[in-house]
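Numbering (mature numbering (1 follows the signal peptide of the UniProt record, and there is no 0)), first residue to last: -29 to -1, 1 to 569.
These notes concern the structure reproduced below.
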C-alpha cells in the first residue's frame, strides 16, 4: 500500500506512509501552467506519453550525472520503515528496487514490463494475476520470485505478531487484511495471484517485490521455503528473527555502504559509494536485465536548495529540483542557455489545518473556525506568491482533486458554496465578539526555515489581526518531529504530496488514522471513505469524493490554499530530464538521463 507523503518542499515525513490521494476519480489530466522560460526539455528520444520513453537499443555511457532534491541524508536501503520513509531516501531506493508499476509525469499509472505484468482476472472477488519477467533477478543472480511477493505481503501484515505486536516495523500494515490469504503461487515460481477481501481501487499500485526474501529468510535462520510457509501460516514467532533483520539489518551509519551481499538491487542501478553529508553514488547494475542505465554513474548530492543554482552554474550539479520561488526562477533565467528550466503544476498542495484535539480553542468551536476562515486572504496569497511562478494558478477549493484535473469543477460545485472566497473582516470580527473571543491567540506552526510559509503567515496575521485575532508565528525546525505529532499548535501550515493513490485520503481524514494529525472525527466522513475505498466504480468514487469534500467544508476541517508550482532545472547538455507532478521527484526517470554528444 502507498499512503500520503508530506511534501518534500515542506519537510518530508514518509514515502509510503505520507502520500496524499490526489488522483481524481476520473484520473488526472496533464498538468498545465508554467513560467515563461524554457519549459521544454531536451531528449535523445521524444517521449510519446507521460511514462518512460522508449530509448531503443542503447548501451550504458561512461561518466556520471549529479542531481539533488535537497540536503537530507540517505538513511537506509530499507525505506519501508517509518524512520526511513521519505522522499530523500526514496530517490535512492527507487533506483535500486523496482516495482510492477510506476507513475508517469501526470500521475497516471503505468505497468513496468521490465518487472512483469499485472492483470485483473476477476471483479468478484477482486483477483489480480502477477507475472514476473522470466529474466528478473536480484543483483546476486537469484531469481525474483513469488517468495519476494510473500515477503512484501508479510511486512505489510499487522496480523503477524508476537505478544500482540506486529513483528515488522512497516509504515503500511493493512495488506494482510486486504488480502487475507496472501499471494497464491509456487514460492519459487514467477506467477502469483492476490485475492482481495473487498474491492480495492488502488490494486494497480501495490508495493510488491520490494526486498529479497531469500536474504531476509537466511538472516532469520530459515530457508526461503520455510519463510514463505511461516508467513502464509501466520506464524509470527517463527518469523521474529527474520523480521528483526528486516527492521534494522540494512541500517548503517552515514557513509557506510550497506553490505552489497545483503542489500541487493532489482533495478538499473546499485549502490556504489557513500560520502556522509555529501553524496551517494549509484552505478549501473550489471545484473539488470532491462533497458540499460543510460549513464554509468548517478551521483545524488545532499545539497541545500539555496545552493542549487550556483552549483548548477559551476557544473557541480547537473539536475536540481529547488523550491519554486520568484527569486529562484530569476536566478535560473540568469544562467541563460546554459540551463533548461522545466516548470509546471505539481500534485502537492498547501493547506491550513485546525487542531481538533480536546481542549484546543478551535476543536470544539466551529464558529471560531469560521471566523478564522473568513479572514485568511487566500486570493492575496496566491496572487503574491504563486501567480508570479504560474500565471494560471488559482485558489484551491478541494483536497482530493486538483484544479488541473478533469473532475475538479464538478467536485467543487457539489461541495463548496464559495463562502470563503473573499476576505470578510467585519464578518470575522462579529463572530469573535459574539464568542467573547476578541484578542484570542492563534499559533500557526510550520516547518522552518521556509521563506514562503513565513510570508503566508505574515499575510494571515496582517488580515486576521484586523478582525480581532492575535496571530503568532510559531514556525520551528522540529515541526514535523514534535510540534505536529504532539499537537502543540492551533493551526498547522504544511503540504501533502500525492502518490496518485485514490484511497489514501482516508488515512488523513478518517477517525483515528495514522496521518490524522489534527484528531478530526466525523462518522459520516468515515463512512463515505469506506464506500469509496471499497468500490471499483469511478462513478461511486466521484460521488463519495463530492460527499467527503462537502462534509470537510461544512466542518471546516481545514482551509485549502493552493497547488504547489514546480521547478526543475538541468544543464543544457543533459538529455531526457523530465519533471513530474507526482511525488517521485525529477529522479523518477534518472536511469534514462545521458549527456548529449559533443
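In this text, a Cβ means the ideal position worked out from N, Cα and C, and glycines have one as well.
Computed from a predicted model, the values in this text were never measured in an experiment.
What are the residues that DSSP puts in a beta bridge with residue i?
| i | result |
| --- | --- |
| residue 101 | 89, 163 |
| residue 546 | 565 |
| residue 324 | 463, 529 |
| residue 252 | 244, 270 |
| residue 313 | 539 |
| residue 41 | 273 |
| residue 441 | 412 |
| residue 534 | 320 |
| residue 128 | 145 |
| residue 512 | Answer is none; residue 512 lacks a bridge partner. |
| residue 155 | 164 |
| residue 136 | 133 |
How would you label residue i, buried or exposed, when you count the other beta carbons within 10 angstroms and need 16 or more for buried?
| i | result |
| --- | --- |
| residue 147 | buried |
| residue 315 | buried |
| residue 370 | buried |
| residue 477 | buried |
| residue 416 | buried |
| residue 578 | No statement about residue 578 is possible, as the shown extent of the chain runs from -29 to 569 and does not include it. |
| residue 567 | exposed |
| residue 321 | buried |
| residue 449 | exposed |
| residue -21 | With a pLDDT of 38 at residue -21, under the threshold of 50, the predicted position of this residue should be treated as unreliable, though the coordinate-derived value follows. That one is buried. |
| residue 392 | exposed |
| residue 494 | exposed |
| residue 266 | buried |
| residue 308 | exposed |
| residue 520 | buried |
| residue 422 | exposed |
| residue 573 | With the chain covering only -29 through 569, there is no way to say anything about residue 573. |
| residue 5 | Summary for residue 5: the model assigns pLDDT 33, below 50, so the residue's position carries little reliability; its value from the coordinates is reported in the next sentence. Burial call: buried. |
| residue 262 | buried |
| residue 75 | buried |
| residue 443 | exposed |
Does DSSP put residue i in a helix, in a strand, or in coil?
| i | result |
| --- | --- |
| residue 460 | coil |
| residue 569 | coil |
| residue 67 | helix |
| residue 561 | helix |
| residue 141 | coil |
| residue 212 | helix |
| residue 554 | coil |
| residue 112 | coil |
| residue 502 | helix |
| residue 26 | coil |
| residue 583 | Past the edges of the chain, shown from -29 to 569, lies residue 583, and the structure says nothing about it. |
| residue 62 | helix |
| residue 36 | strand |
| residue 291 | strand |
| residue 507 | coil |
| residue 74 | strand |
| residue 281 | helix |
| residue 517 | helix |
| residue 491 | coil |
| residue 341 | helix |
| residue 9 | Reliability fails at residue 9, whose pLDDT of 34 lies under 50, so the model's placement of it is uncertain and the value that follows must be treated cautiously. Here residue 9 sits in coil by DSSP. |
| residue 82 | strand |
Less than 7 Å between CB atoms is the rule here; does residue i satisfy it with respect to chain B?
| i | result |
| --- | --- |
| residue 225 | The question asks about chain B, but that chain is absent: this structure has only one protein chain. |
Which whole-angstrom value is the C-beta distance of residue i and residue j, which I expect to be below 8 Å?
| i | j | result |
| --- | --- | --- |
| residue 456 | residue 488 | 7 Å |
| residue 413 | residue 375 | Contact doesn't hold; Cβ gap of about 31 Å is too wide. |
| residue 382 | residue 502 | Contact flag wrong, Cβ pair sits at about 16 Å. |
| residue 548 | residue 523 | Not quite, the Cβ-Cβ distance comes to about 37 Å (not below 8 Å), so this is no contact. |
| residue 460 | residue 326 | 6 Å |
| residue 251 | residue 271 | 5 Å |
| residue 188 | residue 198 | 4 Å |
| residue 81 | residue 22 | 4 Å |
| residue 138 | residue 207 | 5 Å |
| residue 540 | residue 312 | 5 Å |
So does residue i have its beta carbon nearer than 6 Å to some heavy atom of the ligand PLP?
| i | result |
| --- | --- |
| residue 407 | By its list of ligands, the structure shown contains no ligand whatsoever, and the ligand PLP lies outside what it can speak to. |
Within the chosen definition, does the stretch 194 to 207 reach the stretch 117 to 130 through at least 3 CB pairs nearer than 8 Å? yes
Is it true that the stretch 159 to 176 meets the stretch 67 to 86, where meeting means three or more beta-carbon pairs spaced less than 8 Å apart? Verdict: yes, contact present.
Do the stretch 90 to 100 and the stretch 147 to 165 touch if we need at least three Cβ pairs shorter than 8 Å? yes
Is the stretch 324 to 339 in contact with the stretch 557 to 566, if contact means three or more CB pairs nearer than 8 Å? no
When the Cβ atoms of the stretch 275 to 293 are set against those of the stretch 46 to 61, are three or more pairs found closer than 8 Å? no
Examine the Cβ distances between the stretch 144 to 159 and the stretch 77 to 87 and report whether three or more of them are shorter than 8 Å. no
Per the contact definition of three or more C-beta pairs closer than 8 Å, is the stretch 219 to 235 in contact with the stretch 176 to 196? yes
Touching or not, the stretch 336 to 355 and the stretch 528 to 547, by the rule of three or more beta carbon pairs under 8 Å? yes
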